[in-house]
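Residue numbers (the numbering used here), protein chains in the order written: chain G, 32 to 448; chain R, 32 to 448. The next block holds one structure in the form of structure tokens; read it before the comments.
2 protein chains.
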Amino acid sequence: MNEIYDQVKALCQGAKFAAPALAGATGEVRNNVLAAFAALLRQNAEKILTANEADMAAARESGLSAAMMDRLLLTPARLEDIACAMEALVMQEDPIGLGTVRTRPNGMEIKRVRVPLGVVGVIFESRPNVSADIAGLCIKSGNAAVLRGGKEAIRSNTAIVETARAALTGQGLPADCVSLIPFTDRAGAQALMDMRGLVDVLIPRGGKGLIQNVVENAKVPVIETGAGNCHLYIHRDADMDMAVSIAVNAKTSRPSVCNAIETILVHQDIAPAVLPRLQQALESRGVELRCCPRTLAIIKGAAAGESDWTTEYDDLIVAVKIVDFLEEAVAHINRYSTGHSETIVTRDTAAASYFTGAIDSACVYVNVSTRFTDGGCFGLGAEVGIATQKLHARGPLGLAALTTEKYIISGNGQIRT
Amino acid sequence: MNEIYDQVKALCQGAKFAAPALAGATGEVRNNVLAAFAALLRQNAEKILTANEADMAAARESGLSAAMMDRLLLTPARLEDIACAMEALVMQEDPIGLGTVRTRPNGMEIKRVRVPLGVVGVIFESRPNVSADIAGLCIKSGNAAVLRGGKEAIRSNTAIVETARAALTGQGLPADCVSLIPFTDRAGAQALMDMRGLVDVLIPRGGKGLIQNVVENAKVPVIETGAGNCHLYIHRDADMDMAVSIAVNAKTSRPSVCNAIETILVHQDIAPAVLPRLQQALESRGVELRCCPRTLAIIKGAAAGESDWTTEYDDLIVAVKIVDFLEEAVAHINRYSTGHSETIVTRDTAAASYFTGAIDSACVYVNVSTRFTDGGCFGLGAEVGIATQKLHARGPLGLAALTTEKYIISGNGQIRT
């Protein structure tokens, strides 16, 4: 434990020591690193894919589920996607640089500039593409990155991070601007969470358990991402075809992701008409319904308990509840939601406006599936995650979330009288 | 203790319940509340000044220091200043409202809007003007405020908060948009720090002890403000008159504030010439110098220990250290600073540029006194404090720091394929 802590500390000190070189590099140099990273990912493809094969073989032996194996798998096509993502970052606007300049009555000039945060720590799970994504986002935004991935992907992550480090040194920057913690057990993650003063922000990327652990145990400031207890509310006047289509899409198109819905609220007036159609559409796709007592008076299903309103199933299960009016739907959502994404289906612009104003979540939809909460779908470019907190950043976290600001004040001897 | 906790919780629930009415109010209504608040502060002047006299009498009996008594004192002129500050807020730009609107290829429209944080908690010390300032900033930014002031000012704060509440109800808004916790002991503050889920952000305003206590013990997200171990670095080529003038201003014009300097670093080449002048100017104003061994070879003074580099004296004491070169000054500052404000005196634009780029603090000055780190001096309007952290907000915290954002996405049945 102490040895792991000391080694993680040494690695973070290396990152902090290397960070100013990347922070001080021009946007052109940072883009050159990204282009070199893309080129080297292609050049090192065989080495990276071989490392991934070893991860896959170990995972197969340890009996990892098929879904997890698929998340772990790198193919030539997936690796090419990763390289293209690095090239796409080159095209994104530089988040670093001069903001406003003002001259004050006493002659001093105040510049407000966007600067990197410094050292960004990320704790993530099995997908090896995350190590390249985060390395790329940090290079673009001038931050040193310290990565701690899951044990299943350790060989793949090592090969990818080595490639990023080669891209850095090839452009005259320290390799330690990107590093990987080699300890994949709990002690490795906890050591990173303890690095207050060396790591400026920690971002957990993964499932609920991971995020909760980081939020509760980190001494470093954390950006909370990803927990998604999302809701669909079907208002009294909803287009029923649209409501069913959105329910099916938001629940079944990818049930394991954070922007899938977990509870459907239905206005009492439309419940008798829409619930049988919802049930038919969802059950035919393998979805289990957990219903409030009033819902069970209309359709058959399992009975929902209090815990169903708080659960992020991440699975083919959905809770269903009838509400008396719009305000009750809003109150339910504001009480139980994790603040990620909610949608209303309605033809009534006043109801939509009330809903979008009163719901206290990062993304509030009207007549659209919650599945669009994603940096790419929003046209914001690559993302670090979906922030469900209110401070610093909210919703899809783009490059700007990896920056802070600084005031630079110049003069000729001004003193305050 | 439990009773205090329960009462603070009830008060925060009242704030959370009231908050949406203020968040949903137009900028015009919020400005009307501020104008009414200013008018009522003048109308209730006698009542407020009488309450303050009672606070002053109790403080006198308990033997409060003259400096603290002065911070506590309200006069007709000071009260008029507070009323004018509320009117100045009316003139500031509304921080709430529509940001960008984009239409995506699938036809859905994405609005990015600035919204209030919700409920803002503030823990502060003896100055009664803080209760009006915070109430005003929160009203302007659409946030409900829960205030917990020091025990010395409880009568003054109560009278001011009652005035704010009357201004709210006069404009048809719930009084609970501004409330004051009546418990001025530690349990009252701790209860507020525990209100995760009810209070969206907590801002400590006061001395080091208060801030450290809040940062370490709050379960609610905190914006860290105010700790100021600030530095002056005198480069080899500095204009010595300017260096001495800035040192005197930054140390002695108001030694108790966070933007006063605590350590002076001097380049070895200029040390023999500038140190005697610095000593004369500072000692003649009652400043005690705590010097590194090399400094003591040039001037007389007390010897500095390691703790002097970390101490925020907030008093007429300054640490002095000779450095070999610019990079050593930067390394010293980045190691010991609290990240508030630092200044360099130099004629060399390359040295200035290196300094402003490499120093990792909120405000970095060139040839200007650090005493200007202040929302008013920066032309940013009223401030909540000076943030020394990197996430969410950094430097003088204006109205924008009391907001977050929300995405509102509208369409006609879009689903993700």
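Each residue gets a CB set at the ideal place from its N, CA and C atoms; glycine is no exception. Every value quoted in this text rests on a predicted model; they were computed, and no experiment measured them.
For the pair Glu183 (chain G) and Leu103 (chain G), the CB atoms are nearer than the 8 Å cut-off.
In the pairwise beta carbon analysis, the stretch 294-307 of chain R is classified as touching the stretch 269-276 of chain R: at least three pairs are separated by under 8 Å. Each residue's CA atom was taken as its position, placing Ser372 (chain R) and Gly219 (chain R) some 32 Å apart.
Within the stretch 138-168 of chain R, the residues whose Cβ lies closer than 8 Å to some Cβ of chain G are Met139, Ile141, Leu148, Gly149, listed in chain order. At least one CB of chain R lies nearer than 8 Å to the CB of Phe403 (chain G).
In terms of Cα proximity to Leu53 (chain G), the closest of G:Ile127, G:Thr369, G:Leu211, G:Ala88 is G:Ile127. Distance from the CA of Lys239 (chain R) to the CA of Gly130 (chain R), rounded to the nearest whole angstrom, comes to 37 Å. Listed by position along chain G, the residues whose Cβ is nearer than 9 Å to that of Arg135 (chain R) are Phe403, Cys408, Phe409, Gly410. Close to Tyr367 (chain R), with beta-carbon spacing below 8 Å, lies no residue of chain G; the smallest spacing is near 12 Å.
In the structure shown, Leu103 (chain G) adopts helical secondary structure according to DSSP, grouped into three states. In its chain, beyond the 5 residues on either side, Ser287 have a beta carbon closer than 6 Å to the beta carbon of Asp345 (chain G). Closest by C-alpha distance to Glu314 (chain G), out of G:His423, G:Lys331, G:Val177, is G:Lys331.
For Ile170 (chain R), the enclosing alpha helix (DSSP H) covers residues 160-171. When the beta-carbon positions are compared, Leu211 (chain R) and Asn188 (chain R) come within less than 8 Å of each other.
When CB distances to chain G are screened at a threshold of 7 Å, the residues of the stretch 272-294 of chain R falling below it are Met273, Ser276, Ile277, Asn280, Ser284, in chain order. When beta bridges are read from the DSSP output, His262 (chain R) appears opposite R:Thr294, R:Glu373.
If the five residues before and after Asn248 (chain G) are omitted, its C-beta is found closer than 7 Å to the C-beta atoms of Gln221, Met224, all from its own chain and listed in chain order.
Chain R places a beta carbon closer than 8 Å to that of Gln445 (chain G), counting this residue as a contact. In this structure, the straight-line span from the alpha carbon of Cys322 (chain R) to that of Glu343 (chain R) is close to 15 Å. Residues of chain R with a Cβ closer than 7 Å to the Cβ of Asp231 (chain G) are, in chain order, Lys421. For Thr435 (chain R), the enclosing beta strand (DSSP E) begins and ends at 434-445. When C-alpha distances from Ser392 (chain R) are compared across G:Met139, G:Pro147, G:Ala114, the shortest belongs to G:Pro147. Put simply, of R:Ile185, R:Gln299, R:Leu168, R:Met273 the residue whose alpha carbon is nearest the alpha carbon of Ile234 (chain R) is R:Leu168. Assignment of alpha helix (DSSP H) within the stretch 33-79 of chain G, counting only whole runs of 4 or more residues, yields 33-55, 58-74 in chain order. With respect to the 8 Å criterion, Val177 (chain R) and Val150 (chain R) are classified as neighbours on the basis of their beta carbons. By alpha-carbon distance to Asn63 (chain G), the top candidate from G:Ile170, G:Ile329, G:Leu433 is G:Ile170. Going by DSSP, Gly416 (chain R) is part of no alpha helix (DSSP H) at all; its letter is neither H nor E. Here the alpha carbons of Arg143 (chain G) and Ala418 (chain G) stand approximately 25 Å from one another. Counted as a single uninterrupted DSSP element, the beta strand (DSSP E) harbouring Gly128 (chain G) occupies residues 128-134. For the stretch 424-442 of chain G, the set of positions with a beta-carbon nearer than 7 Å to some beta-carbon of chain R reads Arg425, Gly426, Thr435, Glu436, Lys437, Tyr438, Ile439, Ile440, Ser441, Gly442 in chain order. Of the residues assessed, Ser93 (chain G) falls on the exposed side of the cut-off, its CB having fewer than 16 other CB atoms within 10 angstroms.
Taking each of R:Asp164, R:Glu140, R:Arg133 in turn and checking the Cα distance to Asp112 (chain R), the smallest one comes out for R:Asp164.
At least one CB atom of chain R sits nearer than 8 Å to the CB of Ala393 (chain G).
Interface annotation for the stretch 239-258 of chain R against chain G: Pro252, Ile254, criterion Cβ-Cβ distance under 8 Å. The contact set of Pro51 (chain R) on chain G, defined by CB atoms closer than 7 Å, consists of Ala389 in chain order. For the pair Ala198 (chain R) and Val161 (chain R), the Cα-to-Cα distance works out to about 17 Å.
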